[in-house]
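Student: I'd like to ask you about the structure that follows.
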Amino acid sequence: MNAYVGTSTSRVDGRAKVTGAAKYAGEFAADRLLHGFVVEATIPRGRIARLDTSQALKVKGVLDVLTHAHRPPLAGKDEAWKDEVAPEEGSPFRPLYDDGVKFNGQPIALVVAEDWETAKFAATLVRVGYQEEQAFATDLEAERGKAAEVKQPHKPRGDAAGALAASAVRHEADYFIPTEHHNPMELYATTVVWDGNGRLTVYDKTQGVQNVHRYLCNVFGKKPDDIRVLSPYVGGAFGSGLRPQYQVVLATLGALALKRSVRVVLTRQQMYGLGHRPATIEHLGLGAKPDGTLDAVTHEATAITSCYEDFARNDTGWAEQLYKSPNSRYSHKLVRLDVSTPSDMRAPGAASGVCALECAMDELAVALKLDPIELRLKCYSDSDQSEDLPYTSKQLRACYARGAEAFGWNRRNPTPRAMRDGKELVGWSMATGVWEALQMPVAVRIVLSANGHAEVSCAASDIGTGTYTIVAQVAADALGLPIENIDVRLADSTLPQAPVEGGSWMAASSAHAVLEAAEDIRRELALLASTMPSSPLAGVDAADVVLVDGTIAKDGEKSRAVSITDAMRHGKLERLEKQKLNHFAEDKSHARNTHSAVFAEVRVDEQLGVIRVTRIVSAVAAGRILNTKTGRSQIMGGVVWGIGMALHEETAMDHRFGRIMNANIAEYHIPANADIHDIDVIFVDERDHHINRLGVKGLGEIGIVGVPAAIANAVYHATGKRIRRFPITLDKLLA
Amino acid sequence: MADAANQIPDRIPINLIVNGNRRTLDLVPWTTLLDALREHLALTGTKKGCDHGQCGACTVLVDGRRVNSCLTLAVMKDGAEITTIEGLARDGALHPLQQAFIDHDAFQCGYCTPGQICSATGLLAEGRAKDSDEIRELMSGNLCRCGAYPNIIAAIQQAMGRP
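Here the protein sequences line up with chains W and G, keeping their order.
All letters in the first sequence, in the order written, are residues 1 to 735 by our numbering.
All letters in the second sequence, in the order written, are residues 1001 to 1163 by our numbering.
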């Protein structure tokens, strides 16, 4: 029955992507298409006192310059601007709404012209005068004292402060994670096609077409049928496309103002005015007995947010899942700064928080003179301590064992600076990763044609994660058809419901919706087949009928079969359509997580401080892997992100001006091909019969978690220097 | 200032041989080869990722050499032969690099992929890369945020006929 699920099937959208046929948001054509170019604020806080567009408007080919004082109407209540991923607390940013400036790089005007070059040129002619507010702040460390605690899900257990103070061996430290930007390769873009009579087709770079659809209807007071949102291909997102981006509002404003199709593509620099991983100070406290059992864990995160929304994720609390301790306390604090609101970025919360926790565990292991794996096994937790729940599955011990074996851990000399290869110091270390296994309601429609082809459709996006492919695999198996006969349609707001693609929940969620819809198809086909004249399936219970090889057959007795085509012709059906919304049964009896053990080898040039990550082994336990090829790629991508987080990525702010200094993809460093060496991904066998029917958990985030810590710990092992301020650059090593 | 506002330069006629077809364009001189392909010839397979020569997504072959089309003004290439991702497959048969990229899952979102494949085509023609270290180095002008680098190396090695 499983010809495709669990195999290394190549991406079904591969051909479109390697031939250039795949179209992204900024690439859809429209008659008389206009181009918008954004003008940004150059101060972090204040008011627009003067906005002179007269020179821009004189340029031949410019049709209009939209500003807060000159634009179509926008909704006036916060509720209209709150998309499904918006923070609960605060007032969402409204582009071109009023004269207020809330962050440097905020859009304040849109020049609309017949072509892009003209719009870009004319944008340089817009003159802006500000009433600046001198009292602005963008520096987390300088403003740390103003941090305010926000509500956190984890209750304190025991007396963490007292136990920590009394511990025989104690480690306490701050770890600093800088602001980071997603930098997907595709520029943030929207093409709004004016369909006439105020109806709009919106091609948008988003992870959730229905989220954007509802948002646009609310913001512009439109009826659901007036707007259709599509994102058939998304050139990377990593969380940046969860909330509607401001260019979708600007492009829609332009289309409504000029009653023509409008495209707005942000520049790479302008993309830094949207969401980011918030800079965070992670304070860890670990107390242990000399044998390596923990007495206390404290974790306090202090993160930045904007002045208009409180964005907070679970940086802390992961020790509840990983390490047994009778006492624990977690807190999350926010510092409101004059920056745009942070957003989810690959493994939000965990990427930063677990990085600090796993560096701290390594420091504790050194203090205890214990092998870092041995320390983790000593306090291994078989339950989620915060709720005292067992796991649906947790093969983390096997991750440690398999990873250590593949890495060659037993050949490690534990002494720092003891391993060397020529002029390079060699460091070997490891860290643990953990993420949630989430699942959401998703609906899928299957239309089966009498010729044995099926169209499977859902509003979910494929942001490079492989959703097209796994949906096709699951449908092909469930319908008993070759994968070539499955046509998957995604990312259209008119298709059956799906949440935003994020949190690693889409694989499990979409796969089970496919199973549910296919189950309805199977039942109906079984009924049809059993009523055919002299049917080989006459009298066979529908529950014993399976779909296999294009036939409807008795389970275990393939000779008793009717072809799908014959059965549908018998029923005079050209097409059989079933749509099903899958809800997962609510079950709070178990904790649901994915886990990993990450091993890193670094080589550090002793004189120059240059760090190379020459080997990573990531052993992942994430339930059943639907596609070992695309799944491996997802983990590998997460590892590359972890290398970037450890060594490269940092959004640098000039706090005197509240302005980002490296808003481009040359000075904001991300890993290039030469930075990446051997990455070994191991999927540890984890059969989870509890979590869902297929035993699927999701892979989007777990790949990055733990990687930065494994590298930081390996840098310590190589050099004897503990760098707690990320990214670990050579200047910090040589200081 | 009033003068600046009206200074749109005159258009210049140029010829490009794009994927074997002769194309005539009237372009203002500031139009990049990238925008000429995407906006004027509707060849959107060539991608814009930074417009500053930092990411390599816009890589095309100009007279057989790989270049960043965002850093190339179209008028500078009058008469040149341009090969884009749309021109690599012949009669529906994928170029060996295109097939290798699918086989090795050398992409996820697909946005950097046309640039990677055009760059790899240029790399193979250069004949400089002998092993994976050299391929890594010589492919580092093409960023991939999905992190498919090891698979990109494997795909290029397959196309080179090396294990």
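Note that the Cβ used here is the ideal one computed from N, Cα and C, for glycine as well.
According to the neighbour-count rule (16 or more other Cβ atoms, all chains shown, within 10 Å of its Cβ), is Val610 (chain W) buried or exposed?
Tutor: Counting from one through the first sequence, the residue named residue 610 (chain W) turns up at place 610. So Val610 (chain W) counts as exposed.
Student: Quick check: what's the CA-CA separation for Ser457 (chain W) versus Asp338 (chain W)?
Tutor: The residue given as residue 457 (chain W) occupies position 457 in the first sequence. The residue given as residue 338 (chain W) occupies position 338 in the first sequence. The alpha-carbon atoms of Ser457 (chain W) and Asp338 (chain W) are separated by roughly 42 Å.
Student: Are any of the Cβ atoms in chain G nearer than 8 Å to that of Met737 (chain W)?
Tutor: No information on residue 737 (chain W) is available, as it lies outside the stretch 1 to 735 that chain W covers here.
Student: Please compile the residues from chain G whose C-beta is within a distance smaller than 9 Å of the C-beta of Gly46 (chain W).
Tutor: Here residue 46 (chain W) refers to the residue found at position 46 of the first sequence. The contacting residues do not exist; Gly46 (chain W) stays about 24 Å from chain G at best.
Student: Helix, strand or coil, according to DSSP, for His1052 (chain G) in the structure here?
Tutor: The count along the second sequence starts at 1 and reaches residue 1052 (chain G) at position 52. In this structure, His1052 (chain G) counts as coil in the three-state DSSP scheme.
Student: Look at the Cβ atom of Gly158 (chain W), then the Cβ atom of Pro326 (chain W), and state whether they are nearer than 8 Å.
Tutor: The residue given as residue 158 (chain W) occupies position 158 in the first sequence. The residue given as residue 326 (chain W) occupies position 326 in the first sequence. It is a contact, given that the beta carbons lie within the stated cut-off.
Student: Find out if the Cβ-Cβ distance for the pair Ala1155 (chain G), Asp1091 (chain G) is shorter than 8 Å.
Tutor: Along the second sequence, read from residue 1 onward, the residue named residue 1155 (chain G) stands at position 155. Along the second sequence, read from residue 1 onward, the residue named residue 1091 (chain G) stands at position 91. No, the Cβ-Cβ distance between Ala1155 (chain G) and Asp1091 (chain G) is not below 8 Å.
Student: Any idea if Met419 (chain W) is buried or exposed, counting beta-carbon neighbours within 10 angstroms, 16 or more meaning buried?
Tutor: The residue labelled residue 419 (chain W) in the question sits at position 419 within the first sequence. Met419 (chain W) comes out buried.
Student: Got a sec, what are the start and stop residues for the alpha helix (DSSP H) Asn211 (chain W) sits in?
Tutor: Numbered from 1 along the first sequence, position 211 holds the residue referred to as residue 211 (chain W). That run of the alpha helix (DSSP H) goes Val209 to Phe220.
Student: For a contact defined as C-beta to C-beta under 8 Å, what are the partners of Arg489 (chain W) on chain G?
Tutor: As a working mapping, residue 489 (chain W) is identified with position 489 in the first sequence. Those do not exist, as Arg489 (chain W) stays about 17 Å from chain G at its closest Cβ, beyond 8 Å.
Student: Going by DSSP, which residues form a beta bridge with His1065 (chain G)?
Tutor: Here the question's residue 1065 (chain G) lines up with position 65 in the second sequence. Checking the sequence shown, residue 1065 (chain G) turns out to be Arg, not His. Note: Arg1065 (chain G) sits in a beta bridge opposite G:Val1062.
Student: Please list, in chain order, the chain G residues whose beta carbon lies closer than 7 Å to that of Met645 (chain W).
Tutor: Mapped onto the first sequence, residue 645 (chain W) falls at position 645. Near Met645 (chain W) there are no residues of chain G at all, since even the closest Cβ is about 12 Å away, more than 7 Å.
Student: Quick test of your reading: Asn692 (chain W) and Phe599 (chain W), contact by CB under 8 Å. State the CB separation rounded to the nearest angstrom.
Tutor: One-based indexing of the first sequence puts residue 692 (chain W) at position 692. One-based indexing of the first sequence puts residue 599 (chain W) at position 599. Their Cβ separation, rounded to whole angstroms, is 30 Å, which puts Asn692 (chain W) and Phe599 (chain W) out of contact at 8 Å.
Student: Using only the alpha-carbon positions, how far apart do Asp226 (chain W) and Arg199 (chain W) sit?
Tutor: For the purposes of this step, residue 226 (chain W) is taken as residue 226 along the first sequence, with counting starting at 1. For the purposes of this step, residue 199 (chain W) is taken as residue 199 along the first sequence, with counting starting at 1. Spanning the two alpha carbons is a distance of roughly 5 Å.
Student: Once you ignore the five residues that flank Gly403 (chain W) on each side, which residues in its own chain have a CB closer than 6 Å to its CB?
Tutor: Looking up residue 403 (chain W) in the first sequence gives position 403. If we look at Gly403 (chain W) and ignore the five residues flanking it on each side, its Cβ neighbours are Ala597, Phe599, Val617 and Ala619.
Student: Out of W:Ala347, W:Ala478, W:Ala431 and W:Ala365, state which residue places its alpha-carbon closest to the alpha-carbon of Leu438 (chain W).
Tutor: In the first sequence, residue 438 (chain W) corresponds to position 438, counting from 1. Among W:Ala347, W:Ala478, W:Ala431 and W:Ala365, the Cα nearest to that of Leu438 (chain W) belongs to W:Ala347.
Student: What would DSSP say about Phe121 (chain W), mapped onto helix, strand or coil?
Tutor: One-based indexing of the first sequence puts residue 121 (chain W) at position 121. Correct three-state label for Phe121 (chain W): helix.
Student: Give the single residue among W:Glu309, W:Asp204 and W:Val169 whose Cα lies nearest to the Cα of Asp291 (chain W).
Tutor: Reading the first sequence from its first residue, position 291 is the one you call residue 291 (chain W). Nearest of W:Glu309, W:Asp204 and W:Val169 to Asp291 (chain W), Cα basis: W:Val169.
Student: In three-state terms, what does DSSP make of Glu300 (chain W)?
Tutor: Here the question's residue 300 (chain W) lines up with position 300 in the first sequence. Three-state result, Glu300 (chain W): strand.
Student: Compute the Euclidean distance between the alpha carbons of Leu1025 (chain G) and Gly698 (chain W), then round it to the nearest angstrom.
Tutor: Residue mapping note: residue 1025 (chain G) aligns to position 25 of the second sequence, counting from 1. Residue mapping note: residue 698 (chain W) aligns to position 698 of the first sequence, counting from 1. Each residue's alpha carbon lies about 49 Å from the other.
Student: What residue does the beta strand (DSSP E) around Gln131 (chain W) start on, and which one ends it?
Tutor: Working through the first sequence from its first residue, we reach residue 131 (chain W) at position 131. Its beta strand (DSSP E) spans residues Arg127 to Glu132.
Student: Which ranges would you report for the beta strand (DSSP E) in the stretch 78-118 of chain W if only whole runs of at least 3 residues count?
Tutor: The qualifying runs are 107-113.
Student: For Ala718 (chain W) and Pro44 (chain W), what's the separation of their Cα atoms in angstroms?
Tutor: Taking the first residue of the first sequence as 1, we reach residue 718 (chain W) at position 718. Taking the first residue of the first sequence as 1, we reach residue 44 (chain W) at position 44. One C-alpha to the other measures close to 42 Å.
Student: Interface residues of chain W around Asp1091 (chain G) at Cβ under 9 Å?
Tutor: Looking up residue 1091 (chain G) in the second sequence gives position 91. By Cβ distance, chain W contributes nothing, its closest Cβ being about 13 Å from Asp1091 (chain G), past 9 Å.
Student: What did DSSP end up calling Val822 (chain W) once you bin it into helix, strand or coil?
Tutor: The structure shown has nothing for residue 822 (chain W), since chain W only spans 1 to 735.
Student: Quick check on this structure: which residue in W:Leu357, W:Val193 and W:Gly275 has the alpha carbon closest to the alpha carbon of His283 (chain W)?
Tutor: Sequence index remark: in the first sequence, residue 283 (chain W) carries index 283 (1-based). Answer by Cα proximity: W:Leu357.
Student: Measuring straight from C-alpha to C-alpha, what distance separates Ile702 (chain W) and Ala511 (chain W)?
Tutor: Looking up residue 702 (chain W) in the first sequence gives position 702. Looking up residue 511 (chain W) in the first sequence gives position 511. The alpha-carbon atoms of Ile702 (chain W) and Ala511 (chain W) are separated by roughly 19 Å.
Student: Identify which residue in G:Ala1106, G:Gly1161 and G:Gln1116 has its Cα closest to the Cα of Lys1130 (chain G).
Tutor: As a working mapping, residue 1130 (chain G) is identified with position 130 in the second sequence. When each option's Cα is compared against that of Lys1130 (chain G), the closest is G:Gly1161.
Student: Just to check my reading of the structure: Met185 (chain W) and Gly235 (chain W) have Cβ atoms closer than 8 Å, yes? What is that Cβ distance to the nearest angstrom?
Tutor: As a position in the first sequence, residue 185 (chain W) is number 185, starting the count at 1. As a position in the first sequence, residue 235 (chain W) is number 235, starting the count at 1. About 5 Å; that satisfies the 8 Å criterion.
Student: Would you list the residues sitting across from Phe599 (chain W) in a DSSP beta bridge?
Tutor: Here residue 599 (chain W) refers to the residue found at position 599 when the first sequence is read from its first residue. Answer is W:Met430 and W:Val617, bridged to Phe599 (chain W).
Student: Any beta-carbon of chain W closer than 8 Å to the one on Arg1145 (chain G)?
Tutor: In the second sequence, the residue the question calls residue 1145 (chain G) occupies position 145. Output row for Arg1145 (chain G): interface = yes.
Student: Which residues of chain G have a Cβ atom closer than 8 Å to the Cβ of Pro184 (chain W), listed in chain order?
Tutor: Counted from its first residue, the first sequence places residue 184 (chain W) at position 184. Correct list: Cys1109, Tyr1111 and Arg1145.
Student: Let me see if you follow: with CB-CB separation under 8 Å, is Lys233 (chain W) close to chain G or not?
Tutor: Locating residue 233 (chain W) in the first sequence gives position 233, where the first residue counts as 1. Here residue 233 (chain W) is Tyr; the residue named in the question, Lys, does not match the sequence. Output row for Tyr233 (chain W): interface = yes.
Student: Please decide whether Glu1134 (chain G) counts as near chain W, where near means a Cβ-Cβ distance under 8 Å.
Tutor: Within the second sequence, the letter at position 134 stands for residue 1134 (chain G). No, its Cβ sits nowhere closer than 8 Å to a Cβ of chain W.
Student: Buried or exposed: His70 (chain W), going by 16 or more other Cβ atoms within 10 Å of its Cβ?
Tutor: To locate residue 70 (chain W), count along the first sequence from 1; it is residue 70. Label assigned to His70 (chain W): exposed.
Student: From the DSSP secondary-structure annotation, give me the bridge partner or partners of Asn627 (chain W).
Tutor: Within the first sequence, numbered from 1, the residue matching residue 627 (chain W) stands at position 627. According to DSSP, which records beta bridges pairwise, Asn627 (chain W) is partnered with W:Thr7.
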